[in-house]
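**Q** Heads up: the sequence shown begins at 1 in the UniProt record's numbering, then just goes up one per residue.
Please find one structure pasted underneath; my questions will follow.
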Amino acid sequence: MANPQTPEPLPGKKRRIGVMTSGGDSPGMNGAVRAVVRMAIHKGCEAYCIYEGYDGLVKGGDMIKAVGWEDVRGFLSEGGTLIGTARCMEFMQRNGRLKAAKNMITKGMDALVICGGDGSLTGADKFRAEWPGLLQELVDTKQLTQEQITPFKHLNIVGLVGSIDNDLSMTDATIGCYSSLARICEAVDSVDTTATSHQRAFVIEVMGRHCGWLALMAGVSTGADFIFIPESPPSENWQDEMCSVIKKHRAMGKRKTIVIVAEGAHDQDLNPIKPSQVKDLLIKKAGLDTRVTTLGHVQRGGTPAAYDRMLATLQGVEAIKAVLDATPETPSPVICMIENKIVRRPLLEAVAQTKEVAKAIENKDFARAMELRDAEFHEYYRAYQITTAAEQPELMLPEDKRMRIGIIHVGAPAGGMNAATRAAVAYCLARGHQPVALHNGFPGLIRHHSDKPLGAVRDISWLEAESWASKGGSEIGTNRGLPSEDLETVANVFAQYNIQGLFVVGGFEAFTAVSELRRGREHYKAFKIPMVILPATISNNVPGTEYSIGSDTCLNALITYTDACRQSASASRRRVFVIETQGGESGYIATIAGLSVGALAVYTPEDGINLKMLDRDIDHLRDVFFKDKGHNRAGKIILVNEKASKTYSVQIIADMIAEAGKGKFESRHGVPGHFQQGTTPSPMDRVRAVRFAVKSLQHLESFAGKSKKEIDDDEMSATVIGMRGAKVLFSPMEKVEKKETDWKRRRPIDEFWMELKVIVDMLSGRPKATETK
Ligand code: ATP
1 MANPQTPEPL
11 PGKKRRIGVM
21 TSGGDSPGMN
31 GAVRAVVRMA
41 IHKGCEAYCI
51 YEGYDGLVKG
61 GDMIKAVGWE
71 DVRGFLSEGG
81 TLIGTARCME
91 FMQRNGRLKA
101 AKNMITKGMD
111 ALVICGGDGS
121 LTGADKFRAE
131 WPGLLQELVD
141 TKQLTQEQIT
151 PFKHLNIVGL
161 VGSIDNDLSM
171 TDATIGCYSS
181 LARICEAVDS
191 VDTTATSHQR
201 AFVIEVMGRH
211 CGWLALMAGV
221 STGADFIFIP
231 ESPPSENWQD
241 EMCSVIKKHR
251 AMGKRKTIVI
261 VAEGAHDQDL
271 NPIKPSQVKD
281 LLIKKAGLDT
291 RVTTLGHVQR
301 GGTPAAYDRM
311 LATLQGVEAI
321 KAVLDATPET
331 PSPVICMIEN
341 KIVRRPLLEA
351 VAQTKEVAKA
361 IENKDFARAM
371 ELRDAEFHEY
381 YRAYQITTAA
391 EQPELMLPED
401 KRMRIGIIHV
411 GAPAGGMNAA
421 TRAAVAYCLA
431 RGHQPVALHN
441 GFPGLIRHHS
451 DKPLGAVRDI
461 SWLEAESWAS
471 KGGSEIGTNR
481 GLPSEDLETV
491 ANVFAQYNIQ
501 GLFVVGGFEA
511 FTAVSELRRG
521 REHYKAFKIP
531 MVILPATISN
541 NVPGTEYSIG
551 SDTCLNALIT
561 YTDACRQSAS
571 ASRRRVFVIE
581 TQGGESGYIA
591 TIAGLSVGAL
601 AVYTPEDGIN
611 LKMLDRDIDH
621 LRDVFFKDKG
631 HNRAGKIILV
641 NEKASKTYSV
651 QIIADMIAEA
661 GKGKFESRHG
671 VPGHFQQGTT
681 PSPMDRVRAV
691 RFAVKSLQHL
701 ESFAGKSKKE
711 IDDDEMSATV
721 IGMRGAKVLF
731 SPMEKVEKKE
741 TDWKRRRPID
751 EFWMELKVIV
761 DMLSGRPKAT
771 ETK
């Protein structure tokens, strides 16, 4: 048989890059494929989709196709994987990999981006290690010539982790895990209402053979009574332990019981713990009417959550950068996420560490298994334990270290405020502190004092806060008013109720309020107490953090809204939706929503809107509709922040577009308004609320027993907790107020997400987008 033709390599550093999805599908994989394809094209490379995972690579032919910009339109919002996935036995054998190598050379490809689990990434790295040998064998067996292989001597592999289990070490999140968690939480929230009605117990099995992330996070975000995860099996007499915790919760007045069991749960001797067993125990030992719900493949499916779309997009972009940066010596990277930062890690090390977890579990070395999980996992586990177990005498602080902690909500409601409050209350009670609800923000306190002494300041009980884990809005009431309305009365209330620490949950007003209290220390001794703000606002505009709870709920509400708009246009095809987002003077929500829905353009207050910009975007729209023939039936989205322009409202922009469309395309505007606050908070907002609340309370209690002067002298006595790059930390208010705050525009001076705007533009093909670095 004659040798197949092979194409010449592309000039310069340009490459032909293949992308595939492999192993179990996960929501967000399509977003990764879209980003890889478009970033590759943007960088002058050629992009190829390999269909059905390694099967396509081994079979070649039509299973490997060059793809263009338009081919991945609409991918972002689709669940599963549109290019297919498979488990391919042939690729496990060298002969299969030989065929795969030949197919790659035949297409002129020498770079692969693989989105899959640890198995898929292991296979990829093995393929890379064998590559020179495979090429030599192709020459020796006369399947290809030396000339044909010479330009493709080095194979580059980049891994993206697509997995619902979040089981890969070295990354905090895998593509798909938060969508899966959302499915689980929806299910548990639904079961919750019926459980409460009938006072029933439910045992819910979730996926996770070696990794308890889904079970743990579901436990944290739904306030489950007990969880079983493989990394940390329960104590030897777990049957008694579980029943005693649950009975205690019931005795305290709880009407329902939820137990979450990871698929791979076991006891300390590795005997599986199955939901049916837990059910029998709850019936016999706790006397509860108990049912089992196994969620199964529901957890894999559905539309990707906002975070997964963003993660997949940013990681896909980074994967192409990694391909282009690679040298023959660079170890294959896997693209990871640490807190809020995209990083590259050596693929082999990440896979090896992942496998070590399973090995540690097998060897019953559970301490090691927990150690091998990331720090975030640990913190969530501790936070879960401390806010759930009913009696933990070992956690109780001595009398002189116990405090009365005021909890107050400031500003508009944001998803996760109640979860944070619930966690703070549970933490306080576990440690012996007294949580005190300060109702309806600062105006609540001021009115309360001047009126009758009822209601606005109250000790909160465990039972009262217990049901708040998944509730939206603000159960203790929130208000935008500031303490400066009557600083003296606020100080009097603090003194009267002996508030010794303050936990403030809210947005920019909360930040302003704590700034006022801090500065008020000069005149009022009552403010010389430790204070922490947990940023909670859909606008994500609080200085000192890159993430505020509530912003993820808002993004999910916005993608639901925009997905519905896009779909409604599928009949008419040629419709542009101009949608107004909230966000105040910060374009964060508009930009990240734009990244998550694949918006054609995003208008922010930071950049403003001018006629030239609109003109250019209308030209771009004409171009897109011209090229788009039959490719995608859904509508196009333009997102406009509410304060992007005083002149150009969404209605005016929509009218301008419709006018320019001249019947070729039309336009509608939409204002989702308060819909953006969402209904049930997203699991991400809930779990982060719990984690940050526990950290905040730990910070506050570190001041117990200190004098007013010591507190006043310590800059860390008034702080904002936040995520900054790869870290979660407390920043002193004084510094953040003076150096990092744009007071006039009510946002941080440096907004970390500004660089992401370039990616939104690049991925939508918006003209004049500057090259990403
Ligand atoms: P999931 O998290 O869903 O299990 P995964 O990527 O770990 O995803 P696997 O079934 O382990 O899923 O692997 C997917 C495919 O990757 C396999 O069918 C096989 O083609 C390839 N693969 C896995 N391990 C290897 C290996 N050691 N060598 C070569 N190829 C492999």
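Every residue gets a Cβ at the ideal spot worked out from N, C-alpha and C, and that includes glycine.
No experiment lies behind these values; they were computed from the predicted model shown.
At which residue ranges does the segment 116-148 contain complete alpha helix (DSSP H) runs of 4 or more residues, listed in the order of the chain?
**A** 118-140
**Q** According to DSSP, is residue 586 helix, strand or coil?
**A** coil
**Q** Distance check for residue 723 and residue 818, CA to CA, integer angstroms please.
**A** Residue 818 falls outside the range modelled here, since the chain spans only 1 to 773, and no answer is possible.
**Q** Please determine, among 102, 657 and 238, the residue with the shortest C-alpha to C-alpha distance to residue 141.
**A** For the residues 102, 657 and 238, the minimum Cα distance to residue 141 belongs to 102.
**Q** On the criterion of 16 or more Cβ atoms from any shown chain inside 10 Å, does residue 38 qualify as buried, or is it exposed?
**A** So residue 38 counts as buried.
**Q** Residue 619 to residue 610, Cα distance in whole Å?
**A** Just so you know, the alpha carbons of residue 619 and residue 610 end up roughly 15 Å apart.
**Q** Consider the C-beta atom of residue 185 and the heavy atoms of the ligand ATP; say whether any pair is separated by less than 8 Å.
**A** no
**Q** Tell me which same chain residues have a C-beta within less than 8 Å of the C-beta of residue 732, skipping the five on either side of it?
**A** Correct list, in chain order: 715, 716, 718 and 719.
**Q** Taking the CB atoms as reference points, tell me whether residue 508 and residue 483 lie closer together than 9 Å.
**A** no
**Q** At a cut-off of 8 Å, would you count residue 59 as near the ligand ATP, judging by its Cβ distance to the nearest heavy atom?
**A** no
**Q** What is the DSSP secondary structure of residue 17, counted as helix, strand or coil?
**A** Residue state, collapsed to three classes: strand.
**Q** Distance check for residue 177 and residue 31, CA to CA, integer angstroms please.
**A** Near 14 Å, if we compare the C-alpha coordinates of residue 177 and residue 31.
**Q** Could you name the residues of the same chain whose beta carbon sits closer than 6 Å to that of residue 771, not counting the 5 residues immediately before and after it, in chain order?
**A** With a pLDDT of only 37 at residue 771, under the threshold of 50, the placement of this residue in the model should not be trusted, and no figure is reported.
**Q** For the alpha helix (DSSP H) that residue 661 lies in, which residues bound it at each end?
**A** 650-661
**Q** For the candidate residues 495, 734, 604 and 136, whose alpha-carbon lies nearest to that of residue 757?
**A** 604
**Q** From this set, 26, 642, 680 and 112, which residue's C-alpha is nearest residue 304's C-alpha?
**A** 26
**Q** Give the C-beta separation of residue 538 and residue 550 to the nearest angstrom, bearing in mind that I take them to be a contact with Cβ-Cβ under 8 Å.
**A** 5 Å
**Q** Hey, out of 434, 544, 491 and 635, whose CA is closest to residue 519's CA?
**A** 491
**Q** With 16 as the cutoff for other CB atoms within 10 Å, does residue 148 come out buried or exposed?
**A** That one is buried.
**Q** What's the gap between the Cα of residue 589 and the Cα of residue 85?
**A** 33 Å
**Q** How far does the beta strand (DSSP E) with residue 341 in it extend, from its first residue to its last?
**A** 341-346
**Q** Can you tell me the Cα-Cα spacing of residue 752 and residue 541, whole angstroms?
**A** 11 Å
**Q** Check whether the Cβ of residue 128 sits closer than 8 Å to any heavy atom of the ligand ATP, and report yes or no.
**A** no
**Q** Could you give the C-beta distance for residue 740 and residue 543, rounded to a whole number, given that I count them as a contact under 8 Å?
**A** 5 Å
**Q** Within the continuous alpha helix (DSSP H) that includes residue 275, where are the two ends?
**A** Segment 275-284, the alpha helix (DSSP H) holding residue 275.
**Q** Tell me whether residue 155 counts as near the ligand ATP, meaning its Cβ is closer than 8 Å to at least one heavy atom of that ligand.
**A** Checking the Cβ of residue 155 against the ligand ATP gives no.
**Q** Hey, is residue 12 close to the ligand ATP, as in C-beta under 8 Å from one of its heavy atoms?
**A** no
**Q** Closest to residue 428 by C-alpha separation, out of 413, 439 and 460, would be which residue?
**A** Distances from the alpha-carbon of residue 428 to those of 413, 439 and 460 put 460 closest.
**Q** With respect to the beta strand (DSSP E) encompassing residue 160, which residues constitute its N-terminal and C-terminal limits?
**A** 156-161
**Q** Report the CB separation of residue 160 from residue 175 in whole angstroms; it is logged as a contact under 8 Å.
**A** Contact between residue 160 and residue 175 is confirmed by a C-beta separation of about 6 Å, below the 8 Å threshold.
**Q** For the 8 Å Cβ check, are there 3 or more pairs between the segment 352-369 and the segment 382-399?
**A** no
**Q** Mind listing, in chain order, the residues whose beta carbon lies closer than 6 Å to a non-hydrogen atom of the ligand ATP?
**A** Selection around the ligand ATP by beta-carbon proximity, strictly under 6 Å to any non-hydrogen atom, yields 22, 23, 24, 54, 87, 88, 91, 92, 116, 117, 118, 119, 120, 122, 123, 126 and 163 in chain order.
**Q** Using a Cβ distance threshold of 8 Å, determine whether the segment 15-25 contacts the segment 35-53, with at least three qualifying pairs required.
**A** yes
**Q** State the beta-bridge partners of residue 434 as determined by DSSP.
**A** 404
**Q** Give the secondary structure of residue 665 by DSSP, where H, G and I count as helix, E and B as strand, and everything else as coil.
**A** coil
**Q** If I'm right that residue 214 touches residue 163 with Cβ under 8 Å, what's the distance once you round it to whole angstroms?
**A** With a Cβ gap of about 11 Å, residue 214 and residue 163 do not count as contacting.
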